[in-house]
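Once you know that position 88 of the sequence shown is 205 in my numbering, the rest is easy, because the numbers rise by one and skip nothing. Think of the CB as a built atom: it goes at the ideal place given N, C-alpha and C, for glycine as much as any other residue. Here is the structure we will look at, set down as structure tokens.
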Amino acid sequence: MNPSFIYFDLDNTLLHHSKAEAAAHKAVYEQFPELQSVQLDQWIEEYKKVNLRLWEWYQQDKIDRFHVQHARFFETMHNLELPAEKSAIIGEQYMKHYSNFWEWVDGAQNALISLSAKYSTGIITNGFSDTQMKKFQRLSIAQHCKCLVISEEIGKMKPHPSVFEYAQNLAEVPAESILYVGDSYSSDIIGANRAGWKTAWFTSLTEKNGNEMLADFEFTDFQELIDWVD
Ligand SMILES: [Mg+2]
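And the structure:
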């Protein structure tokens, strides 16, 4: 397809966020006996419910990032009738564990390295600057990228058009010559498609409902992406 620029999503595209998240919950659950009056599954399920709602509010500018980070553990514990006064320390420990489990999605490191040798590449990620910057450092991502775009720095999250406009200005190439590679249909594929970009949807770590028609290419193995781009 010969793009002029390839942008990648970070979480669950290059970095295996779900695996790190699950491992961090298990570690924090084992570290704090006060959590063990509920099952680990229950804990994770409640956290995900609370976290998703808080991110939606954050996306709608109803709350700030500090509220998201504080409330996700406070509310999870409160809802499960666990001692919520310990939520701050548990949240802190969770982030520590989470960062210890950061690793590449299978094949993603090789794909980024080999595609960046031939094409200009960058990252567009929804998230908080400090955390995402640490991920770039840990996986040595910046050295392969011309542009690193983090939603917090723009003040809007994907799929908001300003994120893609901002990234396209940095790339300095026409919309139709940019390829976006991401796992989230609603944020990555819809957002990039509306911006007039080409899209490659990584579906290994995502659930499909069968109504997703917009992606130019779908793949589960990064070698397929490399072959398609070349
Ligand atoms: Mg993602």
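Close-in-space but distant-in-sequence residues of the same chain around residue 340 (CB under 6 Å, 5 per side omitted): Counted from its first residue, the sequence shown places residue 340 at position 223. Once the five neighbours on either side are set aside, residue 340 has no close Cβ partner at all.
So, are the CB atoms of residue 130 and residue 222 less than 8 Å apart? Position 13 of the sequence shown holds residue 130. Position 105 of the sequence shown holds residue 222. Their beta carbons are under 8 Å apart, which means residue 130 touches residue 222 by this criterion.
Any idea if residue 189 is buried or exposed, counting beta-carbon neighbours within 10 angstroms, 16 or more meaning buried? Taking the first residue of the sequence shown as position 1, residue 189 is located at position 72. The residue is buried, with at least 16 neighbouring Cβ atoms inside 10 Å.
How is residue 237 classed by DSSP in three states: helix, strand or coil? Within the sequence shown, numbered from 1, the residue matching residue 237 stands at position 120. Looking at residue 237 - three-state DSSP - the assignment turns out to be strand.
Just checking my contact of residue 298 with residue 121 at CB under 8 Å: how many whole Å lie between their CB atoms? Your numbering for residue 298 matches position 181 in the sequence shown. Your numbering for residue 121 matches position 4 in the sequence shown. Between residue 121 and residue 298 the Cβ distance is about 15 Å, and since that is not below 8 Å, they are no contact.
Would residue 303 pass as a contact of residue 278 if the rule is Cβ separation under 8 Å? On the sequence shown, position 186 is the one that residue 303 refers to. On the sequence shown, position 161 is the one that residue 278 refers to. No, these two residues do not count as a Cβ contact at 8 Å.
Suppose only complete runs of 3+ residues qualify. What are the beta strand (DSSP E) ranges in the segment 248-294, listed by chain order? 264-267
Starting from residue 175, trace the alpha helix (DSSP H) in both directions and tell me its first and last residue. Locating residue 175 in the sequence shown gives position 58, counting from the first residue. Segment 157-176, the alpha helix (DSSP H) holding residue 175.
Pick from 215, 314 and 337 that is closest to residue 325, judged by C-alpha positions: By 1-based counting over the sequence shown, the position of residue 325 is 208. Nearest of 215, 314 and 337 to residue 325, Cα basis: 337.
Verify the contact flag: residue 193, CB atom, against every heavy atom of ligand 3, threshold strictly below 7 Å. This structure does not include ligand 3; its bound ligands are ligand 1.
So is the beta-carbon of residue 247 under 7 Å away from any non-hydrogen atom of ligand 1? For this step, residue 247 is matched to residue 130 along the sequence shown. Not so, every heavy atom of ligand 1 lies at least 7 Å from the Cβ.
With a threshold of 16 other CB atoms inside 10 Å of the CB of residue 138, please say whether the residue is buried or exposed. The residue you call residue 138 lines up with position 21 of the sequence shown. Under this definition residue 138 is a buried residue.
Using 7 Å as the cut-off, classify the Cβ of residue 129 as near or not near the heavy atoms of ligand 1, replying yes or no. Numbered from its first residue, the sequence shown carries residue 129 at position 12. For ligand 1, at least one heavy atom lies less than 7 Å from the Cβ of residue 129.
Determine the burial state of residue 173: buried for a count of at least 16 other Cβ atoms within 10 Å of its Cβ, exposed for fewer. Residue numbering aside, residue 173 sits at position 56 when the sequence shown is read from its first letter. So residue 173 ends up on the exposed side.
Decide yes or no for the touch test of the segment 237-247 against the segment 212-219: beta carbon pairs closer than 8 Å, at least 3 of them. no
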